[in-house]
Amino acid sequence: MAHINITFPDGTVKEFGHGSTGKQIAEHVSKGLAREALAVEVNGEVWDLGRPITADSSLRILKWGDDGGKYAFWHSSAHLMAEAIEAHYPGTKFGIGPPIENGFYYDIDMGDHTLTGEDLVRIEKTMYELCGRDVPYVREEKSWDEAVAYFKKKGDPYKLELLEDLKGETITFYHQGDFTDLCYGPHIPSTGRIKAIKLLSVAGAYWRGSEKNKMLQRIYGVTFPTAKELEEHLFRLEEAKRRDHRKIGQELELFHLSPAVGSGLPLWLPKGTVIRESLIEFLRDEQRKRGYVSVVTPHIGNLELYKTSGHYPYYKDSQFPPIVLENGEAFLLKPMNCPHHHQIYAAKPRSYRDLPIRLAEFGTVYRYEQSGEMNGLTRVRGFTQDDAHIYCRHDQVKQEIRTTVELTQLVFETFGMEVRTRLSYRDDKNVEKYGGDAAFWDRAQREIKEVADEMKLNYFVGVGEASFYGPKIDFMVKDALGRTWQLGTVQVDYVMPERFQLEYTGSDGQKHRPVIIHRAPFGSMERFVGILIEHFAGEFPLWLAPVQAVVLPITDAYLEYAKQVCGQLTEAGVRCELDERNEKIGYKIRDSETKKVPFMLVVGEKEMQGNTVAVRQHTKGDLGAMTREAFLAKTLSAIQQKSLTV
Ligand SMILES: [Zn+2]
Ligand SMILES: [Zn+2]
Numbered sequence: 350m351a352h353i354n355i356t357f358p359d360g361t362v363k364e365f366g367h368g369s370t371g372k373q374i375a376e377h378v379s380k381g382l383a384r385e386a387l388a389v390e391v392n393g394e395v396w397d398l399g400r401p402i403t404a405d406s407s408l409r410i411l412k413w414g415d416d417g418g419k420y421a422f423w424h425s426s427a428h429l430m431a432e433a434i435e436a437h438y439p440g441t442k443f444g445i446g447p448p449i450e451n452g453f454y455y456d457i458d459m460g461d462h463t464l465t466g467e468d469l470v471r472i473e474k475t476m477y478e479l480c481g482r483d484v485p486y487v488r489e490e491k492s493w494d495e496a497v498a499y500f501k502k503k504g505d506p507y508k509l510e511l512l513e514d515l516k517g518e519t520i521t522f523y524h525q526g527d528f529t530d531l532c533y534g535p536h537i538p539s540t541g542r543i544k545a546i547k548l549l550s551v552a553g554a555y556w557r558g559s560e561k562n563k564m565l566q567r568i569y570g571v572t573f574p575t576a577k578e579l580e581e582h583l584f585r586l587e588e589a590k591r592r593d594h595r596k597i598g599q600e601l602e603l604f605h606l607s608p609a610v611g612s613g614l615p616l617w618l619p620k621g622t623v624i625r626e627s628l629i630e631f632l633r634d635e636q637r638k639r640g641y642v643s644v645v646t647p648h649i650g651n652l653e654l655y656k657t658s659g660h661y662p663y664y665k666d667s668q669f670p671p672i673v674l675e676n677g678e679a680f681l682l683k684p685m686n687c688p689h690h691h692q693i694y695a696a697k698p699r700s701y702r703d704l705p706i707r708l709a710e711f712g713t714v715y716r717y718e719q720s721g722e723m724n725g726l727t728r729v730r731g732f733t734q735d736d737a738h739i740y741c742r743h744d745q746v747k748q749e750i751r752t753t754v755e756l757t758q759l760v761f762e763t764f765g766m767e768v769r770t771r772l773s774y775r776d777d778k779n780v781e782k783y784g785g786d787a788a789f790w791d792r793a794q795r796e797i798k799e800v801a802d803e804m805k806l807n808y809f810v811g812v813g814e815a816s817f818y819g820p821k822i823d824f825m826v827k828d829a830l831g832r833t834w835q836l837g838t839v840q841v842d843y844v845m846p847e848r849f850q851l852e853y854t855g856s857d858g859q860k861h862r863p864v865i866i867h868r869a870p871f872g873s874m875e876r877f878v879g880i881l882i883e884h885f886a887g888e889f890p891l892w893l894a895p896v897q898a899v900v901l902p903i904t905d906a907y908l909e910y911a912k913q914v915c916g917q918l919t920e921a922g923v924r925c926e927l928d929e930r931n932e933k934i935g936y937k938i939r940d941s942e943t944k945k946v947p948f949m950l951v952v953g954e955k956e957m958q959g960n961t962v963a964v965r966q967h968t969k970g971d972l973g974a975m976t977r978e979a980f981l982a983k984t985l986s987a988i989q990q991k992s993l994t995v
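The sequence shown begins at 350 in this note's numbering and counts up by one.
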């Protein structure tokens, strides 16, 4: 009997019978693994566990924690949902039903019937019944003609349209219970693996994403192998909704999106501006300590500038079209600040003694995002980068990378955010996508890796994630909900100095090219503030809170004293408001709580006599009476230290 050699992820090789399945191999490894196995990765491709393996292969058993396992699980759940839909609504036509990042959906055509919440409950209940039967997902190969005949008989025009693109190929069907679908797979072994189900919502979706086609109904759902995991997932979804920066931004009056101004062009309201400016002040201060100087550049630049940099025409799809004058001169709303800064560098002769030169600007840039992609502050068309460009000598590159990485780490630590870094390299198989020659890239990639190793950064490598002019260190930040965001970046560039003919005179009297480091810890002020709002759920640390304290007189008799207290705090630099309204004190306290003001200072007879304030802290309640001086000292110290907790 013939044998095949199977290579496991740890490098061990074992011999199995020809045609062994992933399931058999998993059982051979351990009973526990076989119980948890959902699918198998064979030479990088995800397969059903039951599919025979007929050649030497490298193999990995996929469980719930693996992306491939999870996708097979959710993909199988989409089929299960389709089966339940068909049971209740015979004649439903099916579009596509893929797994997505957090669950799965199916696009369906039910004619005139619009799905209701009750329908979802009914479908969900049937899905539970169906997975209780624990039937297998069975793969079957069909000829193209057989597949077409099946869906013609069933009367499913969408599947027939999909088959049109697969002409001449071997088609695979998957069956489970009474349901058959056209599908590549892979799928999990049986429906019984699905233990917890939640159908989340219904939305309209054009067939194949085109407005010219019919609008179908898209049902979103999510499933898990245990009830506990579903519960945790639903909790996170609720939290994400509660923390949604668009909702909190409106409630706390931080920013406003006006259709009159335009999509993706947020307006910063006074309270949001306080947060933005506090962040800018914080970073500007840290930069000043590290030898940066500030510059200011205009919002538009001559189109030729962007032709030199290569941003135009190669990236013109993501830019607003050029502004063309009568004399033919053309300008671009700046998509990047870099070319402007390069001109500042080039404005006078530079010597090796001048370097490094660190030019910083909170510079606003414009990108043309498709209108469907706008999302509050996190996806916009005009945003401000906390940009800076460091022009240095080759022998200074590593030191400059190191200090910019340290600055970026300091920034995220200040917000209590967990950071992982990605070394973003170019894809050597696609070199035409990148500027500059191989020697520069090798050198820049080696430099960032050496710094990452020396600094013992927690990093992973992302091939193909570099920008077109250089490799980067990207900071992947985890927020309070455990979601990962790509924020700051540090980038090494040997290409632009060449394109812009930047130079300095070396100690040898010769001309040399500097190296440029592009960096932006926040990335974009808009996106960063959007993420901060969700990270803190609007309960900002004291130093960022738009209003840090509110004084609440119990009655009008104490209004004068309240004014004195508020005046003293304001004078000392605390952002303080006075609630003069003729309302009950309980109402005023509740109102300040919903506005998430960190401190409420209640003043009445006792406080006025004793020259004190009765302090309440947001979500923590009564802290008791304090002298005005003691409260001021405590507050100023927390603000100055940028404490996360007071
Ligand atoms: Zn499928
Ligand atoms: Zn730049």
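Positions of the beta carbon are idealized from the N, C-alpha and C atoms, including for glycine.
In this structure the segment 914-931 does not touch the segment 964-972; the number of beta carbon pairs closer than 8 Å is below three. Per the coordinates, the alpha-carbon of alanine 979 lies some 57 Å from the alpha-carbon of tryptophan 423.
With a beta-carbon spacing of about 6 Å, methionine 766 and lysine 827 fall inside the 8 Å limit used to define contacts. Here DSSP, grouped into helix, strand and coil, assigns tryptophan 892 to coil.
For glutamine 859, the secondary structure class from DSSP, reduced to helix, strand or coil, is coil. In this structure, aspartate 776 lies near valine 812, with their beta-carbon atoms less than 8 Å apart. Per the C-alpha coordinates, the member of Val839, Ile672, Thr833 positioned closest to glutamine 794 is Val839. By the criterion of a C-beta distance shorter than 7 Å, valine 714 is surrounded in its chain by Lys683, Pro684, Met685, Asn686, Phe732, Gln734, once the five residues flanking it on both sides are discounted.
Pairing arginine 868 with glutamine 897 gives a Cβ-Cβ distance that is not under 8 Å. By a beta-carbon distance limit of 8 Å, lysine 442 contacts tyrosine 507. Their separation comes to about 6 Å. Straight-line spacing of the CA atoms in aspartate 527 and alanine 431 works out to 10 Å.
Going by C-alpha positions, glycine 452 is about 27 Å away from aspartate 823. Note on valine 878: 16 or more other CB atoms within 10 angstroms of its CB, so buried under the neighbour-count rule. Every alpha helix (DSSP H) stretch that sits fully inside the segment 915-973 and reaches 4 residues is listed by chain position as 934-943, 954-959. By the 16-neighbour rule on beta-carbons within 10 angstroms, proline 662 is exposed. Residues whose Cβ lies closer than 5 Å to any heavy atom of ligand 2, listed in chain order: Cys687, His867. Secondary structure of arginine 409 (DSSP, three-state): strand. Asparagine 724 has Arg728 as its beta-bridge partners, per DSSP. Note: histidine 738 is bridge-paired with Leu708, His867 in the DSSP secondary-structure output. Around alanine 383, the same chain offers Lys372, Ala375, Glu376 as residues with beta carbons nearer than 8 Å, after the five sequence neighbours per side are excluded. Taken atom to atom, the span from the alpha-carbon of alanine 351 to that of leucine 531 is near 33 Å. By the C-beta density criterion, aspartate 905 is exposed, having fewer than 16 other C-beta atoms within 10 angstroms. Under the DSSP assignment, glycine 360 falls outside any beta strand (DSSP E); it carries neither an H nor an E label. Contact check for leucine 726 and arginine 876: beta-carbon distance about 6 Å, within the 8 Å limit, so the pair qualifies. Of the other Cβ atoms in all chains shown, fewer than 16 fall within 10 Å of the Cβ of glutamate 602; this residue is therefore exposed. In this structure, the CA atom of glutamate 852 is about 22 Å from the CA atom of asparagine 651.
If you draw a straight line from the Cα of lysine 577 to the Cα of tyrosine 477, it is about 16 Å long. Non-local C-beta neighbours of leucine 654 in its own chain, meaning closer than 7 Å and more than five positions away in sequence, comprise Pro688, ordered along the chain.
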